[in-house]
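Residue numbers (the working numbering), protein chains in the order written: chain A, 118 to 323; chain B, 118 to 323.
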DNA sequence: ACTACGATGTGAACGGCGTTCACATTACCC
DNA sequence: GGGTAATGTGAACGCCGTTCACATCGTAGT
């Protein structure tokens, strides 16, 4: 914005760098995301970012934090408070679509052995985890929320990565969505049958 | 081996490079895996690898191919022909353990936007896919093998990545195994109840 | 208003990287 | 043995992350 155009001390390099990095991620692979390229795009010298970020990983963590917020927003937009199996499937489709539409950002968020200590990352992870757990508890009140939410998060996350890496065909978005829904519905049917004590013999327990 | 020790044209640089790369991956992060470091470890000039591999990605693909074989071997060792839900859970635990024990190699295999055209990678992917599908068909003959095997592969793959990235605690191997088993059993119970509602043999727990 | 100081940006430099190219060396075929 | 293709070498290019001395700017204290 023009708010900072008159300053020769760039104004707000900290956020400008994150924005430049996001722009590079959008229209180019993650391979082209170098500190020097980000600085170039922001119009500063290659050494300027070090006044605001300790190293490249610190900037990447800030970028990832924005990614987590965007992902959370994309999921929330599907349904404010998902509480049925179909809601859950829709959220899962949105998760995978986010990964496929912004693959480079998704890899920055999840792909690399990043800083575990980054508070932003840890809290974002817990946010996702509790978000999934909340859906599971609403949709399947009788189930073990711990195991079921872990399983569902892993299932959705795995679907995203397998499509991203070309292990599953991602050329047709509709087919991808259908595949995600089919996978989710399998898990969902299971938990439903376990939650309702009516068909006791169907669960095969004990 | 000493078989190639007398040749000044190194003998078999092609496989020596892959072996050097694997050694570097084992006792160092994936970050230290540079072509120059691999060449150094193999005792040749930095440009020598280009006589055998088009570029760095080509060498990485060869390394990944070995990783796929190792993974297949590790899974087969758990059970030669898994056909019950418990067998499937054990295979899933082995999959996640492979990822945690050889994280750098696992990332090379699955992490990056690698060459899709590499025949080795494609066939290895199909091998894993059909392997999972075969287990599913044996264990759940009445189910939709397509959807169910996709879901299970994604579930296991997602569990591996979430542990690898620290999104799930991986400090205690036993706890990890328990978590994997719990997740798998949820899905398994569902498909079993769906596949064979009549013959409810006790397939729930070990 | 002037000055001193801390915050911010610059440019050059270091070593490492992937990759290329001309050149040297070796293995193999006739 | 001599020619040829395969294989390894060393230097070079441009890019990378990172550091450091230095320049520039906003601002607080007087």
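Ideal Cβ positions, reconstructed from N, Cα and C, are used throughout, including at glycine.
For residue i, which option in the options has the closest C-alpha, if you only look at C-alpha atoms?
i	options	result
residue 161/A	213/A, 293/A, 131/A	131/A
residue 165/B	128/B, 210/B, 215/B, 268/B	128/B
residue 187/B	144/B, 215/B, 136/B, 280/B	215/B
residue 199/B	291/B, 256/B, 141/B, 266/B	256/B
residue 217/B	134/B, 287/B, 300/B	287/B
residue 267/A	267/B, 258/B, 280/B, 265/B	280/B
residue 301/A	283/A, 282/A, 265/A	265/A
residue 157/A	148/A, 137/A, 262/A, 185/A	137/A
residue 147/A	229/B, 263/B, 247/B	229/B
residue 180/A	292/A, 253/A, 219/A	219/A
residue 242/B	182/B, 296/B, 213/B	182/B
residue 178/A	144/A, 139/A, 193/A, 145/A	139/A
residue 294/A	193/A, 212/A, 263/A, 227/A	212/A
residue 296/B	291/A, 296/A, 262/A, 292/A	262/A
residue 174/A	254/A, 193/A, 135/A	135/A
residue 193/B	144/B, 145/B, 223/B, 252/B	252/B
Could you list which residues in chain B have their beta carbon closer than 8 Å to that of residue i, in chain order?
i	result
residue 188/A	Those do not exist, as residue 188/A stays about 13 Å from chain B at its closest Cβ, beyond 8 Å.
residue 194/A	Going along chain B, no residue has its Cβ under 8 Å from residue 194/A, so there is no contact; the nearest lies around 23 Å.
residue 255/A	Near residue 255/A there are no residues of chain B at all, since even the closest Cβ is about 17 Å away, more than 8 Å.
residue 155/A	By Cβ distance, chain B contributes nothing, its closest Cβ being about 19 Å from residue 155/A, past 8 Å.
residue 175/A	Near residue 175/A there are no residues of chain B at all, since even the closest Cβ is about 16 Å away, more than 8 Å.
Determine the burial state of residue i: buried for a count of at least 16 other Cβ atoms within 10 Å of its Cβ, exposed for fewer.
i	result
residue 206/A	buried
residue 171/B	exposed
residue 304/A	buried
residue 236/A	exposed
residue 201/A	exposed
residue 123/A	Legend: pLDDT at residue 123/A = 43, less than 50; position of this residue unreliable, value from coordinates given subsequently. Label assigned to residue 123/A: exposed.
residue 168/B	exposed
residue 185/A	buried
residue 289/A	exposed
residue 282/A	buried
residue 247/B	exposed
residue 203/B	buried
When you compare the CB positions of residue i and residue j, do they come within less than 9 Å of one another, or not?
i	j	result
residue 272/A	residue 285/A	no
residue 221/B	residue 152/B	no
residue 278/A	residue 196/B	no
residue 245/B	residue 189/B	yes
residue 239/B	residue 298/B	no
residue 208/A	residue 176/A	no
residue 142/B	residue 249/B	no
residue 159/B	residue 133/B	yes
In chain A, which residues lie less than 8 Å from residue i when you measure between Cβ atoms?
i	result
residue 300/B	264, 267, 268, 271
residue 251/B	Chain A residues near residue 251/B: none, gap ~17 Å exceeds 8 Å.
residue 180/B	Chain A residues near residue 180/B: none, gap ~16 Å exceeds 8 Å.
Chain A partners of residue i, CB-CB under 7 Å?
i	result
residue 242/B	284
residue 274/B	275, 278, 279
residue 228/B	228
For a contact defined as C-beta to C-beta under 7 Å, what are the partners of residue i on chain B?
i	result
residue 296/A	267
Just to check, is the beta-carbon of residue i closer than 8 Å to a non-hydrogen atom of the ligand ZN?
i	result
residue 265/B	Absence of the ligand ZN from the depicted structure is noted, as is the absence of any ligand whatsoever, leaving it without description.
Whose Cβ in chain B lies nearer than 9 Å to the Cβ of residue i?
i	result
residue 291/A	Ordered by position in chain B, no residue passes the 9 Å Cβ test against residue 291/A, which lies about 16 Å from the chain.
residue 135/A	What residue 135/A touches in chain B: nothing, since even the nearest Cβ is about 21 Å away.
residue 210/A	None at all; the shortest Cβ gap to chain B is about 13 Å.
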